[in-house]
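Residue numbers (our numbering), protein chains in the order written: chain A, 5 to 118; chain B, 17 to 128.
Every residue gets a Cβ at the ideal spot worked out from N, C-alpha and C, and that includes glycine.
As structure tokens, the structure follows; a few thoughts come after it.
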């Protein structure tokens, strides 16, 4: 079946540091890829998405590029802020027999210190 | 536009009881999915409904069931509750199958 693997957390950074959270996937079809963010006590929010190879999703300074050749969708941000502290989930949506199966990674906790 | 709403936000039940959780999707969204989130297992897919039909089901026992109404609102039911069912239950809606999902704040279920 499909799977998403994220780097283990927590990732601890100082404010204004560069962020990379690795995400790789396996899928039987040609999935759409997503990053979601979950702030404490809240549900998940869509951060960005990409639907085909070489697409770059971006939002709020975060970016991720759909790399089909390496089956990866790494999340990056040039300069993190304390307010970016949250749990980040990589996810894919793959079509199987007309149905779309969502698969999420385990989540990576990001802690940003002032 | 109002977001996804879930009721109740918090629930405490005892083993053996049953529980029903409710989800109202974003207006116009036809797909509703349910997830269980726990520290140990992470985010696990329960099922997805589209136009009142269950389209996908995750690997959960038959004690977990759901339904969707004609207005796209959805309910999930867990019967014969076990301690391991304690979790945050998240509902997500999307415009169509495979689209990005918009999550509600979740229902925190505690089974004692």
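Partners in chain C for residue i, counting only beta-carbon separations shorter than 8 angstroms
| i | result |
| --- | --- |
| residue 105 of chain A | No chain C appears in the structure shown, which is made up of the protein chains A and B. |
DSSP beta-bridge partners of residue i
| i | result |
| --- | --- |
| residue 90 of chain A | A:114 |
| residue 84 of chain B | B:90 |
| residue 27 of chain B | B:125 |
| residue 24 of chain A | A:80 |
| residue 99 of chain A | A:104 |
| residue 63 of chain B | B:50, B:73 |
Limits of the beta strand (DSSP E) - the one that residue i falls within
| i | result |
| --- | --- |
| residue 15 of chain A | 15-18 |
| residue 42 of chain B | No beta strand (DSSP E) contains residue 42 of chain B, which DSSP labels as neither H nor E. |
| residue 108 of chain B | 103-110 |
| residue 71 of chain B | 69-73 |
| residue 40 of chain A | 36-42 |
Expected contact under 8 angstroms - CB spacing of residue i and residue j to nearest Å
| i | j | result |
| --- | --- | --- |
| residue 129 of chain A | residue 66 of chain A | In the structure displayed, chain A extends from 5 to 118; residue 129 of chain A sits before or after that span and is not available. |
| residue 112 of chain B | residue 46 of chain B | 7 angstroms |
| residue 20 of chain B | residue 120 of chain B | 4 angstroms |
| residue 100 of chain A | residue 32 of chain A | 7 angstroms |
| residue 57 of chain A | residue 39 of chain A | Incorrect: roughly 17 angstroms between the Cβ atoms, too far for contact. |
Distance CB(residue i)-CB(residue j) smaller than 8 angstroms
| i | j | result |
| --- | --- | --- |
| residue 15 of chain A | residue 112 of chain A | yes |
| residue 122 of chain B | residue 97 of chain B | no |
| residue 62 of chain A | residue 27 of chain A | no |
| residue 74 of chain B | residue 63 of chain B | yes |
| residue 95 of chain B | residue 22 of chain B | no |
| residue 116 of chain B | residue 50 of chain A | yes |
Neighbourhood of residue i by C-beta, 6 angstroms cutoff - its chain only, sequence neighbours within 5 removed
| i | result |
| --- | --- |
| residue 37 of chain A | 54, 70, 77, 96 |
| residue 59 of chain B | 51, 53 |
Cut-off 7 angstroms between Cβ atoms - residues of its own chain near residue i, not counting five sequence neighbours on either side
| i | result |
| --- | --- |
| residue 85 of chain A | 19, 116 |
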